Amino acid sequence: MLLPEEGSTGVAKDLEKYAGKVVMVVGTLTSEPNIYMRGPLMRVNSVSLVQSPTPAGSDEESSAAGIASFTIAWPYLVVQVKNLARVEIWAVPTGTGITEKDYQLLGQAVKKSEIAGQQLWTFPIPDKPILATEIFAKGFNTQGLEIERVSLPFTGATSLNHTLGTAD
Numbered sequence: 389m390l391l392p393e394e395g396s397t398g399v400a401k402d403l404e405k406y407a408g409k410v411v412m413v414v415g416t417l418t419s420e421p422n423i424y425m426r427g428p429l430m431r432v433n434s435v436s437l438v439q440s441p442t443p444a445g446s447d448e449e450s451s452a453a454g455i456a457s458f459t460i461a462w463p464y465l466v467v468q469v470k471n472l473a474r475v476e477i478w479a480v481p482t483g484t485g486i487t488e489k490d491y492q493l494l495g496q497a498v499k500k501s502e503i504a505g506q507q508l509w510t511f512p513i514p515d516k517p518i519l520a521t522e523i524f525a526k527g528f529n530t531q532g533l534e535i536e537r538v539s540l541p542f543t544g545a546t547s548l549n550h551t552l553g554t555a556d
């Protein structure tokens, strides 16, 4: 059984958004007791869409766009993507009753390299603590349409700032 990591609102939305699609799920298998079923639970940290394979020589294969990974390589947030025109870094602020309109744009990542459509984008980790429960990358195609969003596998303001090295 898959359950979002506690406090991770973005993962729950991703699990719903990608229903019926092929996805890659990153999480932790636990043996915590549950009322739903016998066996392990998986606490999900991140969900990302997996591009379906296409026939060899297909133009569609070379134009498939998406986010392959979103990681930390201090002092940068690093986003590995394929065929995207823009990558933005967003934060979900702390507090109650937070909706998507409250999310904060931290800024645009900068493309550092591209080889055969495989791109590496970076964004400097802020010096100050980030008052956010989640940080995610949004990828856009050349038409400006959002293709995918992927969250860092850390949730909660304390966990995020400790991992980013921005905790006081």
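Note that the sequence shown covers residues 389 to 556 in the numbering used here. Where is the CB? At the ideal position from N, CA and C, for every residue including glycine. Given the structure is predicted, the values throughout are model-derived calculations rather than measurements.
If you look at L465, you'll find it in the beta strand (DSSP E) that goes 464–470. If you look at T546, you'll find it isn't in any beta strand (DSSP E); it sits in the alpha helix (DSSP H) that goes 545–552. Contact between F511 and G495 is confirmed by a C-beta separation of about 6 Å, below the 8 Å threshold.
According to DSSP, residue pairing for Q531 in a beta bridge does not occur. Between T416 and R431, the alpha-carbon positions lie close to 5 Å from each other.
Straight-line spacing of the CA atoms in K470 and Q506 works out to 5 Å. The straight-line gap separating the alpha-carbon atoms of P421 and P392 is approximately 16 Å.
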